[in-house]
Every structure is written in C-alpha cells, then in structure tokens.
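For what it's worth, numbering that gives the first Met the number 0 labels the leading residue of the sequence shown as 0, then goes sequentially.
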Amino acid sequence: MRRFAAVVVVVGLMGAAPVGAWGGGGHRLILERAIQLLPPELRAAFDAGRTTLLEHASDPDLWRVAGFEEEAPRHFLDIDAYGPPPFSALPRDLGAAIEKYGPETVTRNGLLPWRAAEMRGRLVRAFEAHKNGQRYGQGNAVYLTAVLAHYVADAHQPFHAVLNYDGQLTNQQGIHARFEDELPTRYAPRLTYEPAAPRPILETREAMFEALAAGAILVDGLLAADLRAAEGRSEYDDGYYDAFFSAAQPVLERRTGEAITAVAGIILGAWEQAGKPDLTKPLPRPAQKIRGRNAR
Ligand SMILES: [Zn+2]
C-alpha cells in the first residue's frame, strides 16, 4: 500500500490504517508462503519466530502513519516517470540517478529498489552476527526479513510502479485499493498462488527494478479492465467486482506468486552470502563473568 494510505491519514486520521492485500493480509500471505519455500535449516528460525515475523509484515506502512515522512517514497518507484518501456533511462545506481535527475525528482518518483537493497544489507549482517555467536543476530534476522519482504512485495504490485498509481490521472480513483485490497479479500477462496521454486538472489536492487518494470507494463490492461467493469454503473458494486476480477485474476495471481518467489529468493541469497548460518541451533548463552578475584 502506498500514497493513498497517507492521504487517508491527512484527510483526518480516520480509524486504523487501511488493511489491504499488499497492505495487511497480502503482505502476511506473501511472507508466510515465501518462508515455506526455504530450506529447513533457514526456515527453522522463521517457524520459531512466526508470530513476530507476521506481526511485522506491514511495519513499513505504519512508519508512515507514525509520521516518518522519509518513509513514503520507499514503497514505490514510478518507473514510467523517466520515460517509456524498457525503462532504461533511470540509472540503477542511486548516486548516478541523483546526478542525472536531482535528488528532489528521484525522491518524488520513489526509492523502492535502493531501500530494499539497504534492508537486504542489514539482513546479511544480522545473519553474520548470528553466525559469529552474537546474541541478537537471529532475532534481528527474523525482524529484518519481515521488513525487507514488505518492500519486495510492494515492488510486485503494478500500481507501485507508475505515476497513475491510483487511477487519479484517468479518473479511476481508488483502483489501487480495488486491485490490491478488494479483489484478494472478496475472492480469496478462488485465488490460487503457484510460486516458482526460489533461486538465491544476490542482486536485490536489480531484481526490484525488474519487478517494477514488469509491473508497470501491466497497468494499462488493469485500467482498461476497470473501465469496462465500471461501464454503466454508478457505484463499485458486486457486479463491478465480478467483472473486474474475471479480467484481473490472472495478473493478481501471477504477481502474488512472483512476489512470493522473489521474497524467498532474496532471503535465500542473503543467507548464503552470510555463509549459511545454522538457524536450528539454540541461541548461545552469553558468557558469564566469574565472580571472585577477576571480577571488577
Ligand atoms: Zn508498503
């Protein structure tokens, strides 16, 4: 979920943060399914910390609600702001992107790939800390996995990749939530996700750019489906949703499946880079000082 959530907050702090597919339930679903694809010695820590893990799946959205303004642009990258497909104008290196377009433009159009790469680095270091016997490495790895997975999942939501992120440029306001929230909630029993087996991903930033570029080119089709479904209706009723769902279901299922595979692949890559620490072992007890003449 992205900017429209912030708008809701500005409009008047009306109730709890919106819960959407890629917002609440979807983020948990993607994370939970991704964990199931991991090898047992890695998966053990996530199974043991399952409650913590899933609780934090939407933390990055809540940071914006809490007023961390710098958080908002980390959840998207409007890749079409820099030109048409194949979206190669924007340098993948952040420094080069800022040099070319200026920090204001780069920030306004979104920072997702660089944020995901930053969190992936933190996850690698947490795995390494655990491997080196540091007490909080494993717990931090579980937490950081939830946070990192959030950004990776956002990158797979097509409306996180375009300027017309909520249909506001084509008079289709609200399509962001209709797609990522209403469809998965209304039609949950009919949705099936078939994630491919993950391969370790080492280039997180590149993977995010690819996911965003692949999502951006799906948006025109979704906008057209939304228009067709809304034709002749005065409100978004059950008939609208049935029609929109029948057109959007394949995209929704495929993108969710790809998000699951990408989350698993990025965790796997981080873990491998850290030297595959064994997360089935109990945490080492901290060394105790011997009281007596050496004590100080
Ligand atoms: Zn988000």
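We put the beta carbon where it would ideally sit given N, CA and C, even for glycine.
The beta carbons of His74 and Leu111 sit about 6 Å from each other, so the pair counts as a contact at 8 Å.
For Pro59, the shortest C-beta to heavy atom distance toward ligand 1 is below 7 Å. Ligand 1 approaches His149 closely enough that one of its heavy atoms is under 7 Å from the residue's Cβ. Comparing C-alpha distances from Glu234 to each of Gly173, Trp62, Leu52, His26 shows the shortest one belongs to Gly173. In this structure, Ala152 lies away from Leu52, with their beta-carbon atoms at least 8 Å apart. Sequence-distant partners of Arg198 (beyond 5 residues in either direction) whose C-beta falls short of 6 Å from its own C-beta, in its chain, are Gly264. Asn139: member of the alpha helix (DSSP H) spanning 136-154, first to last residue. Around the beta-carbon of Tyr135, fewer than 16 other beta-carbon atoms lie within 10 Å, marking it exposed. With a contact defined as Cβ atoms closer than 8 Å, Val161 and Val123 miss out at about 31 Å.
Looking at the backbone, the Cα of Glu209 and that of Asp165 are separated by about 21 Å. Taken through DSSP and simplified to helix, strand or coil, Tyr164 comes out as coil. According to the DSSP assignment, Leu28 belongs to the alpha helix (DSSP H) that extends over 25-34. Per the Cβ contact rule, the stretch 100-118 is not in contact with the stretch 225-241 (fewer than 3 Cβ pairs under 8 Å).
Within 7 Å of the C-beta of Asp79 there is not a single heavy atom belonging to ligand 1.
Going by DSSP, Gln248 is part of the alpha helix (DSSP H) stretching over 237-272. Between the alpha carbons of Pro194 and Ile259 lies a gap of roughly 6 Å.
About 7 Å separates the beta carbons of Asn139 and Ala128, which is inside the 8 Å limit, making them a contact pair. Counting along the chain, the unbroken alpha helix (DSSP H) around Asp60 starts and ends at 58-64.
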